[in-house]
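0 is the number of the first residue of the sequence shown in numbering that gives the first Met the number 0; add one for each residue after it.
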Amino acid sequence: MASAQDRILEAAANRIATTGAVALSLQDVAEAAGVSKALIHYHFTDKAELLTRVAGWLAGEVVERESRALDEVAPAHAVDALWRWLDGELARGDVRVLLDLATVPTDGVRDAVREAAQARRAAAARTVQRLFGLLSLTPRVPVTLMADVLVAFVDGMALDATLAPERNHRVAFDVFWLAMLSLAE
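Encoded structure:
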């Protein structure tokens with residue numbers, strides 16, 4: 000069973016996905032987590048600290064899932080494995096919540112979102128290196144640049160999945176990776 004703190008973080012992330020970070024109410028989080036508002040204040044001094052911790056927690060979760068996306072996959076199925084990871088992220092909505100948290104005008108939250116973005120870029124760089132390695136390809140452009148493009152693409156997909164959930168995002172994903180792989184020697 001998840002700890003109370005984890006239930007609070009998860010409930011806060013789910014509420015942000017529904018109502019947005021700015022409109023988040025600690026009472027709503029307490030009800031969704033099945034805890035008292037006092038327990039939230041025990042773990043988090045205020046809403047800003049809760050949002051800060053949600054950003055770090057979600058980034059860790061997203062990075063962890065991305066790092067496992069290419070585990071034990073045959074080269075012929077590597078791009079499909081990345082699609083399964085991204086499709087899961089789009090369904091989960093965690094990236095969309097991170098993007099929403101970037102709009103919170105609080106220094107601590109902004110710092111946490113900035114750190115989350117750095118962690119995601121580092122994970123994307125590892126993903127690009129692993130994919131190109133699995134396919135026995137060598138990138139012609141810096142991997143860090145490709146990682147930044149990958150993060151921007153994932154962010155755009157997360158926004159688009161929110162605005163147009165009926166859209167077939169696999170087509171855009173495939174076109175994106177065809178373009179990225181064309182940057183190989």
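Every residue gets a Cβ at the ideal spot worked out from N, C-alpha and C, and that includes glycine.
From the listed residues V112, A146, N13, the smallest Cα separation to R125 is found for A146. Excluding residues up to 5 positions away in sequence, A3, I7, A29 lie with their Cβ nearer than 8 Å to the Cβ of L38 in the same chain.
Contact check for L144 against A115 fails: the beta carbons are separated by 8 Å or more. Judged by DSSP secondary structure, S66 falls within the alpha helix (DSSP H) whose first and last residues are 46-67. In the assembly as shown, G92 is a buried residue. Its beta-carbon has 16 or more other beta-carbons within 10 Å. In the same chain as D27, and ignoring 5 residues on each side of it, the C-beta atoms closer than 6 Å to its own belong to R14, in chain order. Here A80 has A68, L69, V72 as same chain residues with Cβ atoms under 7 Å from its own Cβ, once five neighbours each way along the sequence are excluded. For T17, the uninterrupted alpha helix (DSSP H) segment begins and ends at 3-18. Taking the Cα positions, M179 is about 30 Å away from R109.
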